[in-house]
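Numbering (this note's numbering), first residue to last: 19 to 232.
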């Protein structure tokens with residue numbers, strides 16, 4: 019598996035010969051010229067996860083890509099967007115995509131909760147080789163190889179991120195969703211996750227436009 023990070027929650031995952039780009043939002047950069055995608059997956063409708071000003075150009079550059087999203091985003095955008103509900107299983111030419119979760123984390127009781135699909139990539143025998151939870155702390159029912167873990171969010175405390183990492187206990191965790199803080203503050207969050215995560219979990223930071231094998 020190769021993962022490239024384009025800032026905030028936008029990652030490109032190459033797995034089993036398929037390329038899936040997640041959450042190309044307003045805080046991400048460098049994804050604009052990507053071609054050859056097999057799928058574009060959006061966890062939810064917030065602009066930091068789908069940039070309305072750049073998404074159409076990305077789709078035009080990847081006409082063969084299937085478009086997956088949470089049900090509300092698919093309904094809003096229409097066209098070729100496919101709603102992925104919790105429990106849905108999709109075969110993307112040998113790559114299994116499984117939907118999970120379903121709801122965004124609560125930001126404030128006065129703010130309506132929207133849809134949020136957790137995407138799990140893998141095979142029938144190992145369905146959670148990569149998990150992108152979007153803005154949620156949903157724990158997959160299967161062992162997780164690589165978890166893209168939200169490190170910073172208006173809806174989450176550091177203690178919640180640590181507890182989520184412990185609950186999932188992936189082989190490797192990479193932080194996402196940190197485009198809302200200054201670079202100088204990243205170490206506060208990354209340090210806690212690296213120090214307080216479960217034994218046996220490797221914590222690796224991919225800076226924007228960097229990539230690595232997992």
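Even for Gly, the Cβ is constructed at its ideal location relative to N, Cα and C.
Keep in mind the model is a prediction, meaning the values are calculated, not measured.
Suppose the cutoff is 6 Å on Cβ atoms and the five residues either side in sequence are ignored; what does the same chain contact list for residue i look like?
i	result
residue 151	136
residue 141	114
residue 106	117
residue 45	25, 26, 66, 197
Given residue i, which residues of its chain have a CB within under 7 Å of its CB, disregarding the five upstream and five downstream residues?
i	result
residue 204	196
residue 131	121, 122, 124
From the DSSP output, which residues share a beta bridge with residue i?
i	result
residue 228	23
residue 109	114
residue 60	87
residue 211	Answer is none; residue 211 lacks a bridge partner.
Give the C-beta separation of residue i and residue j to the nearest angstrom, bearing in mind that I take them to be a contact with Cβ-Cβ under 8 Å.
i	j	result
residue 134	residue 119	6 Å
residue 194	residue 169	7 Å
On the three-state DSSP scale, how would you describe residue i?
i	result
residue 91	helix
residue 223	coil
residue 130	coil
residue 49	coil
residue 180	helix
residue 168	strand
residue 205	helix
Tell me which residues share the same chain as residue i and place their Cβ nearer than 8 Å to its Cβ, disregarding the 5 neighbours each side in the sequence.
i	result
residue 103	89, 117, 120, 135
Whether or not the segment 48-55 and the segment 64-81 are in contact is what I'm after, with contact meaning three or more pairs of Cβ atoms, one per stretch, closer than 8 Å; do they touch? A contact exists between the segment 64-81 and the segment 48-55.
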